[in-house]
Structure formats: structure tokens, C-alpha cells
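Working notes, structure below.
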Amino acid sequence: MGKNKYYCKIDGVVHNLSDVQEVLDGKSERNITLIMNEEHGMDIVSANTFESVLRFHNNEIPSDYNEALRRWQEYNQARMPKSPPKPHCPRCGSINIKKLRRFVDPDMVTTGLVGSVDFVPFKSYRCNNCRYTW
């Protein structure tokens with residue numbers, strides 16, 4: 002990147018991050034998160050995120066931090082496991098529900114009303130907010 006590899010645009014403002022570059026080059030033992038917090042005015046969470054973005058980009062200071070941050074976020078989002086949609090109450094939309102199981106009455110099996118003992122149990126849900134059952 003040449004001699005200007007330590008300049009980085011963060012939120013539209015160009016910062017001289019030569020102190021961070023010294024840490025990346027092994028010339029300094031300082032903490033990047035603390036440098037960004039104390040000397041460049043980032044809050045501690047943003048400074049920690051900045052260090053993670055640097056590590057993601059092979060320990061190179063990006064010329065545009067916001068673009069590098071967006072790529073890092075997209076990468077992390079893609080790696081997150083997709084959770085299946087949660088069932089919800091069809092009446093009020095709440096996910097505060099309880100799964101109910103109703104099994105066949107044993108007397109119904111002995112009298113022949115059901116057919117066999119292998120009968121699949123009826124499953125349903127009850128909303129803990131509006132008490133709707135489906």
C-alpha cells in the first residue's frame with residue numbers, strides 16, 4: 002500500500018493510525034483497543050470491534066473502515082446458524098406458548114374405538130397470553 006498504509010477513513014474522517022501500524026508491525030507492545038479508545042476517541046466497544054476488523058483483514062489497516070466493517074459484519078452474519086422459525090399464536094401472534102400433548106384414553110383402545118395401540122398422539126399448542134389453543 003506504500004508509505005500511507007496507516008491512513009484510514011472512519012465515519013468520513015481520515016485518521017493517521019501510525020501508532021496502530023507500529024503494533025501490527027511488531028514495533029510496539031501497546032494494545033490496539035486502548036490506542037483507539039484513548040487516542041482516537043472511540044468508545045471501548047467500537048475500539049474492540051475495530052481490532053476485530055483489523056484481524057479479519059489480515060492485520061492491515063483498511064483505507065475505508067466503514068466498508069471493511071460492513072464486510073466483516075456480512076461475513077459474521079453468514080456464519081451464524083439459521084434458527085428455525087418459532088411457532089406463534091395465530092390469534093395474538095405471541096411466541097409465549099406451551100406445547101400440549103393429549104394421548105388417547107386407554108379405554109378407547111380396549112373397546113376398539115381407535116384401532117391400535119400405535120395411535121399417534123394429538124399435538125397442540127396453548128398461548129400463555131390469550132389462552133387460545135390450536
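Convert by adding 1 to the 1-based position in the sequence shown; the result is the number in my numbering. Just so it is clear, CB atoms sit at the ideal spot from N, CA and C, and this is done for glycine as well.
Which of helix, strand or coil DSSP assigns to I33: On the sequence shown, position 32 is the one that residue 33 refers to. Reduced to three states, the DSSP call for I33 is helix.
Check the DSSP bridge columns for R127 and list the partner residues they point to. Mapped onto the sequence shown, residue 127 falls at position 126. Residue pairing by DSSP places R127 opposite K99 and T134 in a beta bridge.
Inter-residue spacing [alpha-carbon to alpha-carbon] between C131 and R92: If you number the sequence shown from 1, residue 131 lands on position 130. If you number the sequence shown from 1, residue 92 lands on position 91. Straight-line Cα distance between these residues: approximately 8 Å.
If you draw a straight line from the C-alpha of R71 to the C-alpha of F57, how long is it? Here residue 71 corresponds to residue number 70 of the sequence shown, with the count starting at 1. Here residue 57 corresponds to residue number 56 of the sequence shown, with the count starting at 1. In a straight line, the C-alpha of R71 is about 12 Å away from that of F57.
Tell me the DSSP secondary structure of I45 in three-state form. Locating residue 45 in the sequence shown gives position 44, where the first residue counts as 1. In the structure shown, I45 sits in a helix (DSSP, three-state: H, G or I).
Can you check which of these residues, W73, V15, W135 and Y8, is closest to E23 by C-alpha distance? The residue labelled residue 23 in the question sits at position 22 within the sequence shown. It is Y8.
CA-to-CA distance, G13 to I33, given in whole angstroms: Locating residue 33 in the sequence shown gives position 32, where the first residue counts as 1. Locating residue 13 in the sequence shown gives position 12, where the first residue counts as 1. So the alpha carbons of these two residues sit roughly 21 Å apart.
Which first and last residues belong to the beta strand (DSSP E) in which N17 is found? As a working note, residue 17 is residue 16 in the sequence shown. Element bounds for N17: V14 to N17.
In the DSSP assignment, find the unbroken alpha helix (DSSP H) run with Y66 in it and report its ends. Start at 1 with the first residue of the sequence shown, and residue 66 comes out as number 65. Y66 to R80 is the extent of the alpha helix (DSSP H) around Y66.
For E39 and F51, I'd like the C-alpha separation in whole angstroms. In the sequence shown, counting from the first residue as 1, residue 39 sits at position 38. In the sequence shown, counting from the first residue as 1, residue 51 sits at position 50. Cα to Cα, E39 sits roughly 13 Å from F51.
On the three-state DSSP scale, how would you describe V118? Here residue 118 refers to the residue found at position 117 of the sequence shown. Because the pLDDT of V118 is 48, which lies under 50, any placement of that residue in the model is unreliable, and the number read from its coordinates should be weighed accordingly. Residue state, collapsed to three classes: coil.
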